[in-house]
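Take the sequence shown: its position 80, counted from the start at 1, is 80 in the UniProt record's numbering, and no numbers get skipped.
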Amino acid sequence: MSSSVSRLVSSVCKKIIKPYSPTPISLRCHKLSYLDQMVGGIYIPLAFFYPKLSNTWSNKPNNVVSQHLEKSLSKVLTYYYPFAGKLNDNISIDCNDNGVEFFITKINCPMFEIFNHPYFEKHNLVYPTEVINNQYTYEGSLAVFQLSHFSCGGIAISMCLSHKVGDGYTFSNFMNHWATMARNPLSSEIYPISPKFDGSFYFPPTKDEDSSNVSNNNIVPPREECVSKGFSISSSKLTALKARVINESKVQNPSDTEVVSAFLYQRAMATKKLVNSSSIRPSLLHQAVNLRPPLPKNTMGNICSLFSILTKEEKEMDLAQVVSKLRKEKEEVKQKYKNAKIEELLPITLEQYRKANDLLVNNSCYDLYRFSSLITFPSYDVDFGWGKPEKVISPLSTSNPPIKNMFALMADKNRDGVNLTCSMKKQDMLAFERDEELLRFASPTS
């Protein structure tokens, strides 16, 4: 972050928030699952922006807003107790109720300046500096939060959660559970999903002496110097893309994730070809898959698999064809898990990762494109009592440095369009963001 940007932050206050109720002794040792062990210790950031608060809250001092969040955070940590614990190597989490870090800052600029800044540099202001600057090596609490007050009266609430504790589904449930408790502090309303951190039951961990050797580059890829940029695809443009797929393929009900992923993959390959002044480079698309169902919806942790498609020739770049391949692979993966016994879940998942790695190596792929979709997650329902967020910033936009050829998809505020963040090498991004076919359907948001 440049010094001119960092000077916009005028004050920082740090607190430690502990669970409202002590964690039972029976839950004090949370064993990591094999998939938790595979994932690197990166912190995943997510930020929610709220414009000037509603009449009920607009005249209340900043400390009242903070106390409202702190009390409800303490209560929700009782359910998500591993976040308040300490990681024990790559084996377990000591759920000792040490608490989580909670920062409060003042940012001397209006909120819209954060939204309109190119390449996301100012977005980092709403996150704790030490976490954002050390996302892969941070040694503080497993969950870190920041409340930022803007000069316009708006606020941002951000979180940085350790990937060791859970995936995007876990984080989404955490935020919505927290907001429900904040919105109804005196109500007996029960959040519809009561979390269970029992991933090790479905994906047994390795023996203690082997845990440090468990890793997978497909889950946490190497870091490279890249830039990130945001785009949006409106409801009408998304409908037009879907119509093209329906008219040219047998897939008659393409999902938002399938269509947008295929379109971005197609355009990224096409612009990469121009950058290198050559024929198409063999490329691979990785798509993460949430395994709830078939696993219970209240299972927290890293409960994901993946599937991949390979593209070697230019004739395979057709949008409808890419969507068809995505659908075929997804259905095959779902079928594998549908009737699987518990003891078969881990072997099936490891086979998916091995298959993806073999495709990459055996076909001499030059480019790997990773896609993660939060489109079905209720990110814009996170209401702490003063209304729903005006904007939600996806995890990818604040990776430091960004992950090469990574695409994060989220539903927009109206849930009928898609907001997306792309991360590429700078020369690839310069070609990608000027692609006429891309810009026919996607509008830059930064």
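No residue lacks a Cβ here, since even glycine has one placed at the ideal position from N, Cα and C.
Do you know offhand how far PHE174's Cα is from SER249's?
39 Å
Do the CB positions of PRO205 and SER72 come within less than 8 Å of each other?
no
_Does ASN217 pass the burial test, meaning 16 or more other C-beta atoms within 10 Å, or should it be called exposed?_
Residue confidence for ASN217 is low, a pLDDT of 43 falling below 50, so the modelled location carries little weight; the figure read from the coordinates is stated next. Burial call: exposed.
With PHE145 and LYS391 assumed to form a contact (beta carbons below 8 Å), what rounded beta-carbon distance in angstroms separates them?
With 8 Å as the limit, PHE145 and LYS391 do not qualify as a contact, their Cβ atoms being about 18 Å apart.
- Message: I need the DSSP call for ASN217, collapsed to helix, strand or coil.
- Response: At ASN217, the pLDDT of 43 sits below 50, so the modelled position is not reliable; the number obtained from the coordinates is stated separately. ASN217 falls in the coil class under three-state DSSP.
Worksheet entry | Pick from HIS149, ILE155, SER58 and ASP198 that is closest to GLY166, judged by C-alpha positions | ASP198
Query - Rounded straight-line distance, which links the Cα of GLN287 to that of ALA243 - result: 22 Å
| For ASP428, does the count of other Cβ atoms within 10 angstroms reach 16, so buried, or fall short, so exposed? | buried
Review point. Which residue spans inside the region 310 to 355 form an unbroken alpha helix (DSSP H) run of at least 4?
Key: 319 to 338
Item to check | HIS123 in three-state terms, based on DSSP | outcome: helix
Cβ contact (3+ pairs, closer than 8 Å) linking the region 16 to 31 and the region 71 to 85
yes
* **CYS13 classed as buried or exposed, judged by whether at least 16 other C-beta atoms fall within 10 angstroms** => exposed
Stretch pair the region 373 to 387 + the region 29 to 37: three plus CB contacts closer than 8 Å: no
task: Look at TYR353 and SER162 and say whether their C-beta atoms are less than 8 Å apart.
output: no
**Report entry** Closest residue to LEU368 among PHE307, LEU87, LYS404 and ILE193 (Cα-Cα distance)
**Finding:** LYS404
Cβ neighbours of ARG415 in the same chain (closer than 8 Å, five flanking residues each side left out) = So the qualifying residues of the chain are TYR380.
Since LEU319 and GLN252 should fall inside the 8 Å C-beta cutoff, what is the C-beta to C-beta distance between them, to a whole number of angstroms?
Actually they do not touch by this definition, with Cβ atoms about 15 Å apart.
Would you mind working out which of GLY385, GLY40, ALA268 and SER364 sits nearest LEU87, comparing C-alpha positions?
The residue from GLY385, GLY40, ALA268 and SER364 with its alpha-carbon nearest to that of LEU87 is GLY40.
Using DSSP bridges, identify the partner residues of LYS15.
-> PHE102
**Prompt:** Rounded C-beta distance between SER279 and VAL289? I'm assuming under 8 Å.
**Reply:** Not a contact, Cβ separation roughly 31 Å.
Quick one: what does DSSP say MET38 is sitting in, helix, strand or coil? Helix.
Handout entry: Beta-carbon proximity list for ASP412, same chain, < 7 Å, skipping 5 on both sides
Key = For ASP412, the CB contacts under 7 Å within the same chain, skipping 5 residues up- and downstream, are SER232, VAL418 and ASN419 in chain order.
State the start and end residues of the unbroken beta strand (DSSP E) segment that holds THR421. 418 to 424
Exercise. Return yes when the Cβ of VAL323 is within less than 8 Å of the Cβ of LEU307, no when it is not.
Key: The residue you asked about is not Leu; residue 307 is Phe in the sequence shown. Cβ atoms of PHE307 and VAL323: not closer than 8 Å.
Next on the checklist: My assumption, with CB atoms under 8 Å, is that ALA109 sits in contact with LYS425. Please give the rounded CB distance.
Outcome noted: Correcting the residue identity first, residue 109 is Cys in this sequence and not Ala. Wrong, their Cβ atoms sit about 30 Å apart, outside the cutoff.
Check: In the structure shown, what three-state DSSP assignment does LYS229 receive?
Finding: strand
Check: Grouping DSSP H, G and I as helix and E and B as strand, with all else coil, what is GLN252?
Finding: Of the three classes helix, strand and coil, the one that applies to GLN252 here is coil, per DSSP.
- [ ] For THR180, count neighbouring C-beta atoms within 10 Å of its own C-beta (all shown protein chains included) and say buried if the count is 16 or more, exposed if not.
- [x] buried
Taking the straight line between their C-alpha atoms, what separation do you get for VAL260 and MET269? 14 Å
Could you tell me which residues DSSP pairs with ARG370 in its beta bridges?
HIS286 and MET406
Bridge partner(s) assigned by DSSP for LYS196 = THR299
**Message:** So, at 7 Å on beta carbons, what are the nonlocal neighbours of THR170 in its own chain, with the 5 sequence-adjacent residues on each side left out?
**Reply:** MET300 and GLY301
What is the DSSP secondary structure of PRO45, counted as helix, strand or coil? strand
Quick check on GLN67: buried or exposed, where buried means 16 or more other Cβ atoms within 10 Å of its Cβ?
exposed
Q) Shortest alpha-carbon distance to VAL275 belongs to which of ARG434, ALA84, GLY99 and PHE83? A) ARG434
Point to revise | Residues near ALA340 by beta carbon distance below 8 Å, same chain, minus five either side | key: PRO294 and ILE348
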